[in-house]
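In order, the protein sequences belong to chains A and B.
When the letters of the first sequence are read in order and numbered with the numbering used here, they come out as residues 1 to 140.
When the letters of the second sequence are read in order and numbered with the numbering used here, they come out as residues 141 to 280.
Ideal placement from N, C-alpha and C gives every residue a C-beta, glycine not left out.
Because the structure is a prediction, the values reported are computed rather than measured.
These notes concern the structure reproduced below.
There are 2 protein chains.
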Amino acid sequence: MMPNTYQDTAEELIRKEGGRATGIRVKILALLLAQEQAVTHREIEARLIGQQPDRVTLYRVLQWLADKGLIHKITSDDRVWRFHVNHDAYLHQHAHFKCTRCAKVVCLDDLPTKRHLTLPAGYRFQSMELTVKGLCAQCV
Amino acid sequence: MMPNTYQDTAEELIRKEGGRATGIRVKILALLLAQEQAVTHREIEARLIGQQPDRVTLYRVLQWLADKGLIHKITSDDRVWRFHVNHDAYLHQHAHFKCTRCAKVVCLDDLPTKRHLTLPAGYRFQSMELTVKGLCAQCV
DNA sequence: CAATTCGCGCAACTTTGTTGCATTAGTAAA
DNA sequence: TTTACTAATGCAACAAAGTTGCGCGAATTG
Chain A
1 MMPNTYQDTA
11 EELIRKEGGR
21 ATGIRVKILA
31 LLLAQEQAVT
41 HREIEARLIG
51 QQPDRVTLYR
61 VLQWLADKGL
71 IHKITSDDRV
81 WRFHVNHDAY
91 LHQHAHFKCT
101 RCAKVVCLDD
111 LPTKRHLTLP
121 AGYRFQSMEL
131 TVKGLCAQCV
Chain B
141 MMPNTYQDTA
151 EELIRKEGGR
161 ATGIRVKILA
171 LLLAQEQAVT
181 HREIEARLIG
191 QQPDRVTLYR
201 VLQWLADKGL
211 IHKITSDDRV
221 WRFHVNHDAY
231 LHQHAHFKCT
241 RCAKVVCLDD
251 LPTKRHLTLP
261 AGYRFQSMEL
271 TVKGLCAQCV
């Protein structure tokens, strides 16, 4: 289910950022590398079988990974952060999809161009967050 | 600062929805009618001078107003709901702008067309939430 | 192998929002 | 105006998500 490659990749990525390759850090990042969809703090906690990690540590590891740009945090309307690995395709800004039935969140490839938007006078654009809602293939 | 008209309008709108024109309901909706930008629960609490409303009541009034379509809830990355009156211009779906310095949130007029988005096969579109981030005119 | 210090784990706290229930106060009818 | 009905309020307690402080252990470096 989760080959060693993920563990190895995780360790390599962490070292490349100058961090210590802690057991937990490696396990968390490896787990994230193996996920298709974005996962919540709770889901990660539940899937770290065998290992029962401290909640605070998990929060801090996730924050660290996000700060280093290895993963990204996703806002949602349920006030829960979701996390997803920054694959090459997602290094740039991209939209997210959230299923209104099963609450699954996945990353979409693109973002509509910003020139379709007009901001009030004097406002400066920095970035945009787009979440598409609907039904995923399993819930349709 | 807040003419009676807002109170009167608020009372009228509430009755039109079949609700009781309670003192607090009227005051809250009147306050929202007077706001340019979207406000948080906390901000409303602070601005309801003289009246020190129960937190729970405030939450319930806001939820009721949202359920009746008189206001709308806005999601944000700081896990705090913001509320804004449904003026005519905002009855349809629209985008929101959030200032990354002062955290101000305002409603934008439009939403880019959805035809620029491609969902994975089998996924069904329902709606989209777009938040533009940047600096507002005061913070530039 | 020893020293350093980064990161973990525990405890306590904060913020935001919700639920249950008794009481109050709008509203409409007498 | 008074009465009766019930929607809505206010209190207390709870819940979920996330944060802060701090001592200790373990990953790394020399």
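- The way I'd put it, the stretch 83-102 of chain A doesn't touch the stretch 151-161 of chain B; fewer than three beta-carbon pairs between them come closer than 8 angstroms.
- Between B/Q177 and B/V246, the C-beta gap is smaller than 8 angstroms, which places the two residues in contact.
- The bridge partners DSSP lists for B/K167 come to none.
- For the pair B/V201 and B/R165, the Cα-to-Cα distance works out to about 6 angstroms.
- In this structure A/I49 is exposed. Its beta-carbon is surrounded by fewer than 16 other beta-carbon atoms within 10 angstroms.
- One Cα belongs to A/Q63, the other to A/V39, and the distance between them is close to 14 angstroms.
- The bridge partners DSSP lists for B/H227 come to none.
- Taking 8 angstroms as the threshold, the shortest C-beta distance from A/F83 to chain B does not fall below it.
- Between B/A174 and B/Y199, the C-beta gap is not smaller than 8 angstroms, which leaves the two residues out of contact.
- Within chain A, the residues placing a beta-carbon under 8 angstroms from that of B/L259 are F97, L108, V132 and G134, ordered along the chain.
- Residue-level contact by beta carbon fails for B/D228 and chain A, as no gap is shorter than 8 angstroms.
- The beta carbon of A/M128 sits closer than 8 angstroms to the beta carbons of Q93, L111, K114 and L117 from its chain, once the five residues preceding and following it are set aside; these are given in chain order.
- Among the residues of chain A, none has a CB under 7 angstroms from the CB of B/D207; the nearest is roughly 16 angstroms distant.
- Contact between A/L108 and A/L65 is ruled out by a C-beta separation of about 21 angstroms, above the 8 angstroms threshold.
- Within chain A, the residues whose beta carbon sits less than 7 angstroms from that of B/G262 are A137 and V140, listed in sequence order.
- Using a 10 angstroms sphere on the CB of B/F265, the tally of other CB atoms stays under 16, which defines it as exposed.
- In the three-state DSSP reduction, B/A186 falls in the helix class (H, G or I).
- When secondary structure is reduced to three states using DSSP, B/A206 falls in the helix class.
- For A/R20, no beta strand (DSSP E) encloses it, and the DSSP letter there is neither H nor E.
- Under the three-state reduction of DSSP, B/T145 is assigned to helix.
- For A/I44, same chain residues with a beta-carbon under 7 angstroms away, outside a window of 5 residues either side, are I28, L31 and L58 in chain order.
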